[in-house]
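Visitor: According to the working numbering, the sequence shown holds residues 1 to 673 in order. Submitted below is the structure of interest, expressed as structure tokens.
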Amino acid sequence: MSLCTTCSSIDLLNIPKIPPSFDRYAAQNISPALAQITRRNNKQTDTSEAEADQNPGVPYHHSLDDLAAAASDCAICKVVQQDVEQFQAEYPKAQEEQHLRARTKGPGWRMWLAQSQNNCSSGFMVVSLDAESENVLWIVSAVGLCVDDNDPLSGVVSGRKIDANPSSNSTIERALRWMRACDEHEKSRCAVAESDLPSKLLDVEGTESDGVMVYASGGEKGKYAALSHIRDVDSPIITDEENISLEELPQTYRDAIIMTRKLGLQYLWIESLCSQNDPTGRISLSPKIASIYANAYIALSATGSSSDADGMLIHRTPPPYHSFTYSHDNTQGTVFASSRPKEPNYYFGNERILRPEPLSQHGWTLQDRIFSPRILHFGTSQLYYECNTHFVSEDGFEMTGRNETINETALSASFSTATPWTPYFVSLFWQTVLDLYCRRTLPNINDKMPALSSIAAHIASKSQDTYIAGFWRASLLDDLIWQATGHAKGKTSDPPNYRAPSWSWASIDGPFGMFCRGQGSGKGGWMEGVEWSDVATVLDYSVTPKGDDPYGEVTDGWIKLRTPLERIELAEDGQKTKQVWKMRTKNGTKEGTVCIFDTKTRAEEAEGKEVYALVLVKNSKGSTASYHGIVVIAVHEKEGTYKRLGKAVFDDETLGECEWMGDEGKLAEVVIV
């Protein structure tokens, strides 16, 4: 195909970014096709920025009719037309959502080409302002651009065509180039020198059909690969250590052996084959496993596989490509346009790419990723490379930096703080870990804390802080104010048996978010100028581990606080859903404030009970203040003892005047269990 007159007039490799005032990104839960960018603050802008906002990119087609007319012969417009048709098919679902109906009317269909502020993909977005609100920018299409490896434009177009075979020569060479780039950088965050080999490894040296042997290293140094995968716990592999035939191994193991050979490495570590004689199992091996991934030359991640039977080198289905001849700086080549997911184009984070993958749904494998300095992700649609410098994909996505690592240099850069392992640093890192972890599932529901124990142990050793059933002593008041999310769709639940104190996130299953008072407080941040203060005081605490691991399972735990204890009841209008109630204090406004219960079961526990709010921290800016706390009920068999049910936030009006504000003697001493 060729390009239409409009596309031919545009420098497709130098599309400008959207105006900086559009800085709030949101994908609608109802469909990933309905993505939008909005202005976080509707503030006054100077003339130049206001003018720029009228044109959020390079002018494209002015109507759907213009686009449709061009799509028959234009490679770019054909891709956009297909995306627009999907958008139109999904948009009626948005009209069913009251909050969307109230503030948006859908695209006006005058379109522009733009890059997101992160500018991390090989391609561009097609955007259209909302028909009614100039503060909403709809992403109606995301176009990826790629070339063949040997194309003359390969130096300026980072995206590459995806081969259906993940072990093709071109794909392997791509992976080797990524790894060599890490090796060649001086003082690289992710270059891995020869390190102490694990006590046992697979020696994979040989031809493709040869078997492998378990090798006892004797403490020598070398390079090895480590496999990260969803382990088939119900089907442990028992095999002869002297010689292992490939035919007796599951497909994922065979694929990992093949890939290790193709990468030019002699040794491969697979937990079930290299640790099978350890009678204590994975939980007690966890600290050892952490060091094995941390010292691996490369981690091979079966990211797109749901089980060992699926294999790691799964067949990929490349997107439909539409080619056109293109010239840039007097160099001519063939470019391929395709549709790509919208989220990576506007949301700065690789987690939106990896989250749908099967391995990202599994709790135990997060530690593998966090400790590995370099990872090859074999995904369902393409290969990704993650290291402490950047995250790249075959189709041209590149994100610099990394949060999902223990590397201090990478984390300090991501968190914009030069001092690692301070309480604020730990809070940001732990928040990152838990955000990645909370949506994952576990084969054993009691593994909730053991599956993070190696990460917790590492933080404790670096920060010298004390771990308290999923929280940290230096930030304990903040940590207590975690909030269940996904409550509108009932995504959280209580486990059938006791697993953790009610105040710990580990006491529920499902998504949640942590609270960190320092976030957004920098210059230009959404909490700039806000001053924080503690309202409550931690007096004492105790946690009883189930075994020897202080970071693993617990049998009991409590925290003693000196804190405001405010009785709250259903607000005058009586609004409540399954997990969200409007509740008011004695002297607060009749309308009350929103209280979010951790689970549907905990909301039901509040029915007919005396409900209280423990006010823990306060923030103030100028003459206004807000108060963050948790919702509790009394444990009647223990006087002064309470159980957490949820979270609440008050402002001056919804909290009202309270006796404790002028008299600390009115604070209560309570124990939460």
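By construction, the Cβ of each residue, glycine as well, lies at the ideal position given by its N, Cα and C atoms.
Are Ile459 and Val543 touching if we call contact CB-CB under 8 Å?
Guide: No. Outside cutoff.
Visitor: May I ask which residues mark the beginning and end of the beta strand (DSSP E) holding Trp430?
Guide: Segment 423-437 is the alpha helix (DSSP H) holding Trp430; no beta strand (DSSP E) there.
Visitor: Between the beta-carbon of Arg440 and the beta-carbon of His328, is there less than 8 Å?
Guide: For Arg440 and His328, no; Cβs fall outside 8 Å.
Visitor: Decide if Tyr253 is buried, meaning its Cβ has at least 16 other Cβ atoms within 10 Å, or exposed.
Guide: Buried: at least 16 other Cβ atoms inside 10 Å.
Visitor: From the DSSP output, in three-state form, read off Asp83 for me.
Guide: Three-state result, Asp83: helix.
Visitor: Unbroken alpha helix (DSSP H) runs of length 4 or more, entirely within the segment 130-190: which are they?
Guide: If we require 4 residues or more, the alpha helix (DSSP H) runs fully inside the segment 130-190 come out as 169-184.
Visitor: Within its chain, find whatever has a CB closer than 8 Å to the CB of Glu653; leave out the 5 residues flanking it on each side and keep chain order.
Guide: If we look at Glu653 and ignore the five residues flanking it on each side, its Cβ neighbours are Gly588, Thr589.
Visitor: Would you check if the segment 402-409 and the segment 313-330 touch, i.e. whether three or more CB-CB distances between them fall below 8 Å?
Guide: Contact fails: fewer than three Cβ-Cβ distances are below 8 Å.
Visitor: Could you tell me the distance, in whole angstroms, from the CA atom of Tyr293 to the CA atom of Glu271?
Guide: Going by the C-alpha atoms only, they are around 11 Å apart.
Visitor: By Cβ distance below 6 Å, which residues in the same chain neighbour Lys586 in space, the five residues on each side in sequence not counted?
Guide: Counting only Cβ-Cβ distances below 6 Å, and skipping sequence neighbours, we find nothing.
Visitor: Three Cβ pairs or more, each shorter than 8 Å: is that satisfied between the segment 295-312 and the segment 375-389?
Guide: Short answer: they touch.
Visitor: For Gly608, count the other beta carbons within 10 Å of its own beta carbon; 16 or more makes it buried, fewer makes it exposed. Which is it?
Guide: With fewer than 16 other Cβ atoms within 10 Å, it is exposed.
Visitor: Across which residues does DSSP place Tyr253 in a beta bridge pair?
Guide: Note: Tyr253 sits in no beta bridge, so no partner.
Visitor: When the Cα of Asp684 is compared with those of Glu669, Leu359, Leu13, which residue comes out closest?
Guide: Because the chain spans 1 through 673 in this model, residue 684 falls outside it and cannot be assessed.
Visitor: Specify the secondary structure class of Tyr551 as computed by DSSP and reduced to three states.
Guide: In this structure, Tyr551 counts as coil in the three-state DSSP scheme.
Visitor: Locate the alpha helix (DSSP H) running through Glu604, then write down its first and last residues.
Guide: Residues 600-606.
Visitor: Comparing C-alpha positions only, which one of Glu610, Arg374, Leu13, Tyr551 sits nearest to Leu452?
Guide: Answer by Cα proximity: Tyr551.
Visitor: Which same chain residues end up closer than 7 Å to Leu436 when comparing Cβ atoms and leaving out the 5 residues on each side of it in sequence?
Guide: Glu351, Leu366, Glu404.
Visitor: Looking at Asp395: is its Cβ nearer than 8 Å to the Cβ of Gly155?
Guide: Contact flag unset, no.
Visitor: Taking 8 Å as the limit between beta carbons, can you name the residues of its chain near Leu64, skipping five residues before and five after?
Guide: Cβ within range, chain order: Val84, Trp109.
Visitor: State the beta-bridge partners of Asn619 as determined by DSSP.
Guide: Asn619 pairs with Trp532, Ser626.
Visitor: Check this for me: beta carbons of Trp660 and Pro564, under 8 Å apart or not?
Guide: Their beta carbons are under 8 Å apart, which means Trp660 touches Pro564 by this criterion.
Visitor: Can you name the residues that DSSP bridges to Gly333?
Guide: Tyr326.
Visitor: Taking the alpha carbon of Ala506 as the point to measure from, which residue in Glu669, Phe471, Gly490 has its own alpha carbon closest?
Guide: Of the candidates Glu669, Phe471, Gly490, the one whose C-alpha sits nearest the C-alpha of Ala506 is Phe471.
Visitor: Which residues mark the beginning and the end of the beta strand (DSSP E) in which Cys595 is found?
Guide: Note, Cys595: beta strand (DSSP E), 593-597.
Visitor: Assuming Ala68 and Gln81 are in contact, meaning their beta carbons sit under 8 Å apart, how far apart are those beta carbons, in whole angstroms?
Guide: Confirmed, Cβ separation roughly 6 Å.
Visitor: Which of the three DSSP states, helix, strand or coil, is assigned to Trp660?
Guide: Here Trp660 sits in helix by DSSP.
Visitor: Since Asp540 is in the alpha helix (DSSP H), which residue starts that stretch and which ends it?
Guide: Note, Asp540: premise wrong, no alpha helix (DSSP H); beta strand (DSSP E) at 537-545.
Visitor: Restricting to Cα atoms, I'd like to know which of Val392, Ser461, Tyr384, Asn444 is closest to Pro420.
Guide: Considering only alpha carbons, the answer is Ser461.
Visitor: With a CB to CB cut of under 7 Å and the five nearest residues on each side skipped, what residues in its chain are close to Ala216?
Guide: Ser199, Lys200, listed in sequence order.
Visitor: Pull up the distance between the alpha-carbon of Ser128 and that of Leu34, whole angstroms please.
Guide: Answer to the nearest angstrom: the Cα atoms are 12 Å apart.
Visitor: Express the C-alpha separation of Trp558 and Pro319 in angstroms, rounding to a whole number.
Guide: Answer to the nearest angstrom: the Cα atoms are 53 Å apart.
Visitor: Quick one: residues in its chain with C-beta nearer than 7 Å to the C-beta of Gln86, no 5 flanking neighbours on either side, listed in chain order?
Guide: Within the same chain, Gln86 has close Cβ partners Ala33.
Visitor: In angstroms with no decimal places, state the Cα-to-Cα distance between Met583 and Arg567.
Guide: Each residue's Cα considered, the two are about 10 Å apart.
Visitor: Compare the beta carbon distance of Glu605 and Ile633 with 8 Å and say whether it is the shorter of the two.
Guide: Their beta carbons are under 8 Å apart, which means Glu605 touches Ile633 by this criterion.
Visitor: Determine the DSSP secondary structure at Ser195, reduced to helix, strand or coil.
Guide: Strand at Ser195.
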